[in-house]
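Peer 1: Sending over a structure as structure tokens; questions will come in a sec.
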Amino acid sequence: MSTPTTTGTPGRLVLTAYAVAQLFLSILMIVLFVLWVVGGVLVVVWVGLGILAAVLPATRWVANLHRTMAGRSLGTPLPPPYRPLPPGGFFVKARTVLADPMTWRDLGWLLVAPVVGITVSLIVIVLLLGIVTGFIWWFVTPPLMQARATFDRWFLCYSRTETLEQRVQVLTETRADLVDHSAAELRRLERDLHDGAQARLVALSMSLGMADAAFDSEDPEQARRLIKDARSTTAGAIGDLRSVVRGIHPPVLADRGLSGAVSALAIDMALPVTVDSRLPGRPPAPVESAVYFGVAECLANVGKHSGARNGWVRLEHEDDVLRAVVGDDGRGGADPGAGTGMLGVMRRLAAFDGTLSVSSPAGGPTIVTLEVPCALSSPKTTPSSGPA
Amino acid sequence: MRLVLAEDHALLRAGLIQLLEGNGFTILHAVDNAPALDAALLDPAAEAAVLDVRLPPTQTDEGLRAAIAVRTARPGFPVMVLSQYVEQLYARELLASGVGAVGYLLKDRVSDVAEFVDGVRRVAAGGTVLDPEVVATVMARQRDEPIERLTPREREVLGLMAEGRSNAAIAGHLHVTEKAVAKHINSIFTKLDLPIGEDDHRRVRAVLAWLRV
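Have a look at this one:
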């Protein structure tokens, strides 16, 4: 005789082993809770900060153990939902931890789980140990341990609604950033065209008008000089337009895709930069453009600030994540928050749920990683739209 | 000299035809898309080609691809590539497609008619003509051996050689005598360990070494 269990979930003996683990861990949890309270009180005399700094990782470790057990019991993995710690000093990290709602839910769970949750685990263990009650154990272990897992999940994981609320929050923020970013870009373009090509074309038209007048007054020498001026003004206007076009969408990116365009960037660098591209296809055009400008910004920083002798770029696509890694052997100590360039790149990537992380210890090396979740299109070298 | 011309903008194409025919070239085929260009380049009567990088149908780099393909099929076939923008990457690919007889210029250089026509002639004669903008980016690069051995003046001369200028033109540009230029060039050849041979060939090889193709 057998009771149906969800496929892929652990057997009764494993579930009972979880119950035993939970029993012992609950002792640790009680200790941790007491330490939280003591540490919290002692913050006023600073010692508390030290206690909390040690208790927090321990709490997260215990909570993650329970998440793993609950995830296995329920047949769906429950990943740790903590907010990522930002780079920075102790207080920057502390602020993020305190603002993370999951920190406080962990704390509540520390108090409730050793009292309520543990009774369930205890029942399972006692039923197995009291030999004659073994057949009851056979029947009730799976539902009881699922109940325990559901209890843990309720505390330790965000519900669907909460997850969606957080998602909406993130989308609202990145959308606002993106709108700001594109408005700023349009202003910049308007200024570039207005001060550059447009101004030069006005000057060109003036030179030609004056040359026209010089012909009338029969001064061919003056007319020739003005036409020569007009030609150099034209060259300037074309140069301006070319740099504006490069700023919008570099032609080489359209021609050759991300790999080719990054190689072109590397060749133009003053120092030797090697490019290792392992992209089997092309990412969507907006992602390609965002990553290209991100890599261009990183390489510009390598050239300007790092004092490096060599640089390298690696492009890869794994588990539906496009990753661009830019490294150099310079002096390190780069601060991504120092300039507006990197923040602009972060905002642009955030619109695609992408991230930028910087590792730059003093003395180097500096490694910047850009990651964007996306799929690649089939390997094709040209974005053909017409007949071949 | 009989040329194949590929340019998709009708106005520019008409302008180039007028300009080249006015300077003693014959336009054998003037085409506006990549498939027609591929067919025109098969014509054995064609002696050289002037190509735009971006052509229909995909408007990416088919002109460049056609240039490299024809130089593979017909080694040493002179090609002058024109573009709205220059990329060192493309310059390297063109130079790697065979020794000499290749040019790569921004389209707006056409406005200096005499220099442009001279450039086409030099390419047809087996020379290398690179846009000053490509040369400038190479100049800005940190170098290692053996280019490091060159003096700043020699590097300047090498850059002008890459732009396809003659000794006389280099002398005029640097305000020195032609003899002094010849001395610099000889010194460059020696420092770059270039084998003795025809002068034109060595010039091209020096430029290639400089671009590290």
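For the protein sequence lines, the chains are A and B, in the order given.
Start counting the first sequence at 1; every next residue gets the next number (full-length UniProt numbering).
Start counting the second sequence at 1; every next residue gets the next number (full-length UniProt numbering).
C-beta: ideal position from N, C-alpha, C; glycine also.
(1) Can you list, in chain order, the residues of its chain whose CB lies under 7 Å from that of A206(B), leaving out five sequence neighbours each side?
(2) Which of the three DSSP states, helix, strand or coil, is assigned to H175(B)?
(3) Is there at least one Cβ from chain A nearer than 8 Å to Y104(B)'s Cβ?
(4) Give, in chain order, every residue of the segment 265-277 of chain A whose Cβ lies closer than 7 Å to some Cβ of chain B.
(5) For G311(A), which beta-bridge partners are listed by DSSP?
(6) Between residue 391(A) and R282(A), is the Cβ-Cβ spacing less than 8 Å?
(7) Please decide whether P387(A) counts as near chain B, where near means a Cβ-Cβ distance under 8 Å.
(8) Determine, using beta-carbon pairs with one atom in the segment 55-69 of chain A and one in the segment 29-47 of chain A, whether at least three such pairs fall under 8 Å.
(9) Do three or more CB pairs link the segment 69-78 of chain B to the segment 93-106 of chain B at distances below 8 Å?
(10) Closer than 8 Å by C-beta to R105(A): which residues in its own chain qualify, once you throw out the five before and the five after it? Chain order, please.
(11) So the alpha helix (DSSP H) S289(A) belongs to, where does it begin and stop?
(12) Going along chain A in order, which residues have a C-beta closer than 8 Å to the C-beta of residue 214(B)?
(13) Out of D353(A), V126(A) and L15(A), which one is the CA nearest neighbour of G75(A)?
(14) Taking the CB atoms as reference points, tell me whether L253(A) and E288(A) lie closer together than 8 Å.
(15) Tell me the rounded alpha-carbon separation between E297(A) and M342(A).
(16) Got a sec? Which residues, its chain only, sit under 6 Å from L127(A) by beta carbon, not counting five neighbours each side?
(17) Taking the Cβ atom as the reference point for each residue, do L51(B) and A91(B) lie within a distance shorter than 8 Å?
(18) Starting from R155(B), trace the beta strand (DSSP E) both ways and give me its first and last residue.
(19) Fully enclosed by the segment 72-132 of chain B, which beta strand (DSSP E) runs are 3 residues long or longer?
(20) To which residues does DSSP link S263(A) through a beta bridge?
(21) At the level of alpha carbons, what is the spacing between V20(A) and R153(A)?
(22) Could you run through the segment 206-230 of chain A and flag, in chain order, every residue whose CB is less than 8 Å away from some CB of chain B?
(23) Within the same chain, show all residues whose beta-carbon is closer than 8 Å to that of K93(A), passing over the 5 residues directly before and after it, in chain order.
(24) So if DSSP puts E316(A) in a beta bridge, which residue, or which two residues, is it bridged to?
(25) DSSP three-state call for V43(A): helix, strand or coil?
(26) Does any CB atom of chain B fall closer than 8 Å to the CB of P283(A)?
(27) Return no unless some Cβ of chain A is closer than 8 Å to the Cβ of L156(B).
(28) So the alpha helix (DSSP H) S360(A) belongs to, where does it begin and stop?
(29) Flag A140(B) as yes if its beta-carbon sits less than 8 Å from any beta-carbon of chain A, otherwise no.
(30) Alpha carbon to alpha carbon, what distance is there between R12(A) and I123(A)?
(31) Just grab the DSSP bridge partners of A6(B) for me.
(32) By the three-class DSSP mapping on this structure, what secondary structure does T366(A) have?
(33) I want to verify the contact list: residues of chain A whose CB lies under 7 Å from the CB of T137(B), in sequence order.
(34) Could you give the distance in angstroms between the alpha-carbon of residue 393(A) and the alpha-carbon of G364(A)?
(35) Just reading off the alpha helix (DSSP H) that G236(A) is part of, what are its end residues?
(36) Report the neighbours of D8(B) on chain A: residues whose CB is nearer than 8 Å to its CB, in chain order.
Peer 2: Checking against the coordinates, here is how it stands:
(1) Same-chain partners within the cutoff: L158, M161, I188, F189, L192 and L194.
(2) Taken through DSSP and simplified to helix, strand or coil, H175(B) comes out as coil.
(3) Chain A contact via Cβ: absent.
(4) The segment 265-277 of chain A vs chain B, Cβ under 7 Å: I267, D268, A270 and L271.
(5) Beta-bridge analysis with DSSP links G311(A) to V273(A) and D328(A).
(6) A question about residue 391(A) goes unanswered here, because the residues of chain A that appear run from 1 up to 388.
(7) Here P387(A) scores only 38 on pLDDT, less than 50, and its place in the model is too uncertain to base an answer on.
(8) The answer is yes - the segment 29-47 of chain A touches the segment 55-69 of chain A, with three or more Cβ pairs under 8 Å.
(9) The segment 69-78 of chain B is in contact with the segment 93-106 of chain B.
(10) Cβ within range, chain order: F155 and L156.
(11) Looking at the DSSP string, the run of the alpha helix (DSSP H) that includes S289(A) is A285 to N301.
(12) Not covered by the structure: residue 214(B). The range shown for chain B is 1 to 213.
(13) When D353(A), V126(A) and L15(A) are compared, the shortest CA-CA separation from G75(A) is found for L15(A).
(14) Yes.
(15) Just so you know, the alpha carbons of E297(A) and M342(A) end up roughly 7 Å apart.
(16) So the qualifying residues of the chain are T133, I136 and W137.
(17) Taking 8 Å as the Cβ cut-off, L51(B) and A91(B) do not qualify as a contacting pair.
(18) Secondary structure note for R155(B): it is in no beta strand (DSSP E), and the uninterrupted alpha helix (DSSP H) holding it is P152 to A162.
(19) Counting only runs of 3 or more, we get 79-83, 102-106 and 128-130.
(20) Note: S263(A) sits in no beta bridge, so no partner.
(21) Taking the straight line from one Cα to the other gives about 19 Å.
(22) Of all residues in the segment 206-230 of chain A, none has a Cβ within less than 8 Å of some Cβ in chain B.
(23) Here the set comprises L85 and P86.
(24) For E316(A), which the question treats as bridged, DSSP gives the partners R278(A) and R323(A).
(25) DSSP, read as helix, strand or coil, puts V43(A) in helix.
(26) Taking Cβ atoms only, chain B never reaches closer than 8 Å to P283(A), which makes this a no.
(27) In the sequence under discussion, the amino acid at residue 156(B) is Glu, which differs from the Leu named in the question. No, because no Cβ of chain A sits closer than 8 Å to the Cβ of E156(B).
(28) Per DSSP, S360(A) lies in no alpha helix (DSSP H) segment and is marked neither H nor E.
(29) Interface residue, yes.
(30) Taking the CA atoms as reference points, I123(A) sits about 13 Å from R12(A).
(31) For A6(B), which the question treats as bridged, DSSP gives the partners V31(B) and L51(B).
(32) Residue state for T366(A) is assigned as strand, using DSSP reduced to three classes.
(33) Within chain A, the residues placing a beta-carbon under 7 Å from that of T137(B) are D268, ordered along the chain.
(34) Here chain A has residues from 1 to 388 only, and residue 393(A) is not among them.
(35) That run of the alpha helix (DSSP H) goes P220 to I248.
(36) Residues of chain A whose Cβ lies closer than 8 Å to the Cβ of D8(B) do not exist, since the nearest Cβ in that chain is about 12 Å away.
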